[in-house]
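The structure appears below as structure tokens.
Protein chains: 4
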Amino acid sequence: MIIVMEHNATAEQLNRVVKYIENKGLQTQVNNGTVLNVVAVIGDKSGINAENIAAMDGVREIKKIQEPFKLVSRVAHPEDTVITFSNGVKIGGLEKPVLMVGPCSVEKDFDGLLKVAIAAKEMGCQFLRGGAFKPRTSPYDFQGLEEKGLQYLAKAREKTGLLVVTEVMDTMDIALLCQYADVLQVGARNMQNFKLLKALGRIKKPVMIKRGPAATIKELLLAAEYVVANGNPNVILCERGIKGFDNQYSRNTLDIAAIPIIRKYSHLPVIVDPSHGTGKRYLIEPMGKAALVAGAHGLMYEVHHDPDNAMCDGAQSLNIEQFKDVTRALNKVIGRIDYDNKNNPQTY
Amino acid sequence: MIIVMEHNATAEQLNRVVKYIENKGLQTQVNNGTVLNVVAVIGDKSGINAENIAAMDGVREIKKIQEPFKLVSRVAHPEDTVITFSNGVKIGGLEKPVLMVGPCSVEKDFDGLLKVAIAAKEMGCQFLRGGAFKPRTSPYDFQGLEEKGLQYLAKAREKTGLLVVTEVMDTMDIALLCQYADVLQVGARNMQNFKLLKALGRIKKPVMIKRGPAATIKELLLAAEYVVANGNPNVILCERGIKGFDNQYSRNTLDIAAIPIIRKYSHLPVIVDPSHGTGKRYLIEPMGKAALVAGAHGLMYEVHHDPDNAMCDGAQSLNIEQFKDVTRALNKVIGRIDYDNKNNPQTY
Amino acid sequence: MIIVMEHNATAEQLNRVVKYIENKGLQTQVNNGTVLNVVAVIGDKSGINAENIAAMDGVREIKKIQEPFKLVSRVAHPEDTVITFSNGVKIGGLEKPVLMVGPCSVEKDFDGLLKVAIAAKEMGCQFLRGGAFKPRTSPYDFQGLEEKGLQYLAKAREKTGLLVVTEVMDTMDIALLCQYADVLQVGARNMQNFKLLKALGRIKKPVMIKRGPAATIKELLLAAEYVVANGNPNVILCERGIKGFDNQYSRNTLDIAAIPIIRKYSHLPVIVDPSHGTGKRYLIEPMGKAALVAGAHGLMYEVHHDPDNAMCDGAQSLNIEQFKDVTRALNKVIGRIDYDNKNNPQTY
Amino acid sequence: MIIVMEHNATAEQLNRVVKYIENKGLQTQVNNGTVLNVVAVIGDKSGINAENIAAMDGVREIKKIQEPFKLVSRVAHPEDTVITFSNGVKIGGLEKPVLMVGPCSVEKDFDGLLKVAIAAKEMGCQFLRGGAFKPRTSPYDFQGLEEKGLQYLAKAREKTGLLVVTEVMDTMDIALLCQYADVLQVGARNMQNFKLLKALGRIKKPVMIKRGPAATIKELLLAAEYVVANGNPNVILCERGIKGFDNQYSRNTLDIAAIPIIRKYSHLPVIVDPSHGTGKRYLIEPMGKAALVAGAHGLMYEVHHDPDNAMCDGAQSLNIEQFKDVTRALNKVIGRIDYDNKNNPQTY
């Protein structure tokens, strides 16, 4: 931590800062610049509050040097986290990228869901996704089938062997979801629902955290830190597009660079959702390919047996025929990815 | 709702769209443009899903004409909502702007809190704010005193007559909070925690919703719609700064224009938080004044009896002396606001 | 300047960085942290290139401590810049805020322009603004009357005594504009047209620089630094709204906090344009008031004698009657601003 | 064009709008909604100004249906533009993606530039890039060698056969640049320097326009429209990252989705600059690959013979050895791209 003093800070103000830090048992080193003085703080900063120092008279700015996340960082944990499921499927590290597909929300028509699941299995996908509890911006939109939806997902798993990914919206639903799902997904709008993250730290199932629409990469990693710090190391990160100033042609800006950045700074697996990330069906294939060659550990995208009559997000869903075409193209890219033994790898 | 067809859409594709809509019991009107054709949909659109239509072949784009919020809109409810508390304090409409002040979080030192509350009362403030449950980006930061914090707030209310505003983070805590608080605040990061919003629709206490750091005004109004549609009409909106590309000199961009915009489109009261909105102590006064003259129904800002040792957000908190100076300046502005009888007024 | 090394940087890499800096004649101080090492650089950094250091092996990040702007900074020049015009009008410091008004573009109808100018004079405004050269996003929009427009502005000045502000779009037009204008305005889209800024440093007339739609405050101050460093100290800054993720209800997000921030870090005057900043006529009055109480040295807004037939930006222009109402309200606020002798003042 | 009336607009206000449009020789069609009325305008809208209509009483909003760009749109020109250079190199359509490489700025050391050019030729690149005129945010940074830099580029072309791409910053320099360069590049900060764009419409050399850091895709296409409408059809677009709220780990957010979007709506070639787009050397390879598989017609990235001593942007430049490694990896991806005969293709 570096404390920058104002250009007109007094010696007394500087001394007060130094003393404050040393009273906390940390060392300081003062660098007298030609214009500004700075104080470097050495040692374990977890006992001091940067905001308090920033509030002291004569302090201009605090510059943090270390990342605030610890357990999810490569500094503390250089090897990739690889999550292994009961059926042998793996996510992370140098493992083959996985595909998570399914409708935005699980609907009344179970046969439609099953059609999707069968097609997914046939195309080599590993996960069936579908929302039973749905976060919707408007209270007038469809809010999900709830437990019935979970039962449908479980039934589709039984028939196909696909693993089930579904969203958890509230701490009260965690126990129920654990009965049905293989991965509990935290939606983008709940990425900083800290009570929920803490509670998910106390379960055993893997948790997938979607990046909030205006979350920085650091905030995403800190959200993961909540889960890991509370006892659950099995966290998957998901890039799903961030809000930008241009939403005319795509709903969000899919931040492909987040993939190699996250892989550099964290050991956790990272997947990409090109359906929500763009909001447009025709962009799933090119953005899915882009994510794979940039190093994504998997993709999540939407398929619906009848997008024209979907209860949500039809415009970004593929129908089954389109799904097969897109998945064939994506599988071709997956087949060509080369692996090596370097730390930050998966070359193409 | 206006459906724009692609320039090369076929007559068959156009007919399919028209038929789809008419099957839902709505009327259509086709406008044949020189380049693009558009279909206008007339009638109650709540039964149709725009995304499904957007997903149909030959459809380029859907343009929505009506606002998706209804109950919080001035169209349906032209008069201002004014919320009246048991002690006669009012928020909204042409009422005098209120001041909500206090520490970011309630801490162990009750006497410190009481000092703040007494100063607040002395300066004419109406509300004491303070977090008992704290949402923190990092799991390693102070997470709040929980019920003990609520008890402290209640005790300070008893001694000063101030009303209490405090944050609710989880549906499970609502009942507890209702025992202690006069206003339940939904934090910015929970603005789209829809389970929480729905649950808050079923209580009687006023709810204050903070705008999410990347939430549009429409999304904020839809969050309020969740509460109102579930039965609780007493909602206060709070602008607290949005994320922008420039965070070097202020933590967020405080969107002052949101005040007159919200007052034009909605009847709900809107207050402004210049502490979180800027993250800098020296900006509280100028931005507080700016918010008041732009029509805010109140301000919320942070005071701490000892900011250098605050558990959170010290850099944006005023100490008691600074608080009195700033509040004196703000009260001067409040005293000069003129009121008239027009619908969207509060001239200055 | 602080150089942060990677957690796994070698001693050799660290030494190479230190040697590089010392070879440039600067001093270093190495702080060995528990996880990361940092190198503080002491002395005049103008001879070294931070990017080169950032490119060296083992370097993680460079943190700059000093602001990159010098001449426009309060550090080097603590007193406010006040610009005085030949007719005694002053902008900056503790002077009364000025009003710059007029149509977006000067049009063929001189009588219309004159009507606006007469009304402006009558309401106590000091400047007539109007574009003769117009930057337009689309090549199919009206591009301005060019020299004829300048002549009209000069004629209106002659008849009313108002000073003339108009936009310069190209280095080739500077000489011509200097014949007619009292202030040359650099448009938001040209804020980083560095050839133009340099050339404006070589003239005597005051220059007003509008903040680019995605420019940080630092970038705006560096644009001003270009003009001042090339010899022209008379620079006015203009906040006119930045691009955000929400443009449904206002075209831009007017960053009111930029006013007190700029006044803290720079001595240059800063004015605000609520017309372009919001794009909505009804927002001019509340946002103009907000800017004034937050410390703006002036306002610029659009008036047209016949907005329905304006060649550009009709929706954000006031007609003459509306202009008088709004200006009356703004003058009331200006009349109530109190001045004191502190450095960063203009209290309200 | 769709004109949405306010919910309380009067019949008279509606009639006034209709009459205004019909007086301009266009047809209208009024759709009476249950809440709002809308007026559809049919015919060539180039004679009417949407902003004027937006300014009329009772009008709530204008929704534009057609894209404002014409010549660069696929609607008017469905076939891809392919630009062919004198040496047979082609950019656009289904042609093999090109590589444009070189230092950020041309520096005094010609031998260094030549080393880069020789390596580029050896790796199969087609273009040498390098700035002779440099736009720099700070006036204290290196501003370029100017004509001497151009001479060096031309000499390197002579020795290697590479084509030369270099930036034009001012209308006054166009003639000079045309003597030396094969492609004139418009920098991101000049993307809306309309005088410059118009002047570039009158030359014969291809023009490459970089997307402004906060420009929407529509604004980029309108910038290209300026050049094409003034007579020069040979325009290349370049995505180089946009400003977002997260710049901690990458300087900009590289908008990979812009590639398939531009290819859908325009016939112009689009290339990607992963050096400026991320600001980090280690991101060039993964983002370069991502751009290629998403359909980019080429890449531009920075190489310097000695990045530690580069005059600008060292941190995002590769040294020659790194350049060869990265280019080998990119060439492998280029070699695997499949082509078909569909309009918007280049499958992978």
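Chains as they are written, first to last, in the numbering used here: chain A, 1 to 348; chain B, 1001 to 1348; chain C, 2001 to 2348; chain D, 3001 to 3348. Here a beta-carbon is modelled for each residue, glycine too, at the ideal position from N, C-alpha and C.
Three-state secondary structure (DSSP) of residue i
{"i": "C:K2019", "result": "helix"}
{"i": "B:F1133", "result": "coil"}
{"i": "C:F2127", "result": "strand"}
{"i": "A:M300", "result": "strand"}
{"i": "A:N190", "result": "helix"}
{"i": "B:M1100", "result": "strand"}
{"i": "C:R2263", "result": "helix"}
{"i": "C:E2147", "result": "helix"}
{"i": "A:T10", "result": "coil"}
{"i": "C:I2284", "result": "helix"}
{"i": "A:S275", "result": "helix"}
{"i": "A:I3", "result": "strand"}
{"i": "C:E2167", "result": "strand"}
{"i": "C:V2116", "result": "helix"}
{"i": "D:V3106", "result": "coil"}
{"i": "D:K3024", "result": "coil"}
Neighbour flag for residue i against chain B, beta carbons, 8 angstroms
{"i": "C:L2254", "result": "yes"}
{"i": "A:E12", "result": "no"}
{"i": "D:V3059", "result": "no"}
{"i": "D:A3040", "result": "yes"}
{"i": "D:L3094", "result": "no"}
Beta carbon of residue i nearer than 8 angstroms to that of residue j
{"i": "C:V2186", "j": "C:V2168", "result": "yes"}
{"i": "C:R2074", "j": "C:Y2265", "result": "yes"}
{"i": "B:N1319", "j": "B:H1297", "result": "no"}
{"i": "D:P3002", "j": "B:K1218", "result": "Before going further, note that residue 3002 of chain D is Ile rather than Pro in the sequence given. Result no, Cβ atoms of D:I3002 and B:K1218 do not sit closer than 8 angstroms."}
{"i": "D:P3307", "j": "D:N3252", "result": "no"}
{"i": "B:G1033", "j": "D:I3065", "result": "yes"}
{"i": "B:M1287", "j": "C:A2223", "result": "no"}
{"i": "D:S3317", "j": "D:C3104", "result": "yes"}
{"i": "C:L2237", "j": "C:L2268", "result": "yes"}
Residue i burial status per 10 Å Cβ neighbour count (16 or more: buried)
{"i": "B:E1107", "result": "buried"}
{"i": "B:Q1179", "result": "exposed"}
{"i": "D:V3035", "result": "exposed"}
{"i": "C:G2025", "result": "exposed"}
{"i": "C:K2148", "result": "exposed"}
{"i": "A:A181", "result": "buried"}
Any chain A beta carbon closer than 8 angstroms to residue i
{"i": "D:R3016", "result": "no"}
{"i": "D:A3120", "result": "no"}
{"i": "B:M1001", "result": "no"}
{"i": "D:V3333", "result": "yes"}
Chain D contact for residue i (CB, 8 angstroms cutoff)
{"i": "C:Y2226", "result": "yes"}
Within-8 angstroms CB hit, residue i to chain C
{"i": "B:T1347", "result": "Any reading at B:T1347 is ruled out, since the residue's pLDDT is 43, under 50, leaving its predicted position unreliable."}
{"i": "D:P3138", "result": "Position check: residue 3138 of chain D holds Ser in this sequence, whereas Pro was assumed. True, the Cβ-Cβ gap to chain C drops below 8 angstroms."}
{"i": "A:V4", "result": "yes"}
{"i": "B:A1257", "result": "yes"}
For this session: Mind listing, in chain order, the continuous beta strand (DSSP E) runs of no fewer than 3 residues lying wholly within the region 173 to 252 of chain A?
Result: Those beta strand (DSSP E) runs which fall completely within the region 173 to 252 of chain A and span 3+ residues are 183 to 186, 207 to 210 and 235 to 239.
For this session: Enumerate, from N- to C-terminal direction, the unbroken beta strand (DSSP E) stretches of 3 or more residues contained entirely within the region 1032 to 1091 of chain B.
Result: The DSSP assignment places 1037 to 1042 and 1059 to 1063 as complete runs of the beta strand (DSSP E) inside the region 1032 to 1091 of chain B, in order along the chain (cut-off: 3 residues).
For this session: Go through the region 317 to 343 of chain A residue by residue and report every complete run of the alpha helix (DSSP H) that reaches 4 residues or more, in order.
Result: 320 to 336
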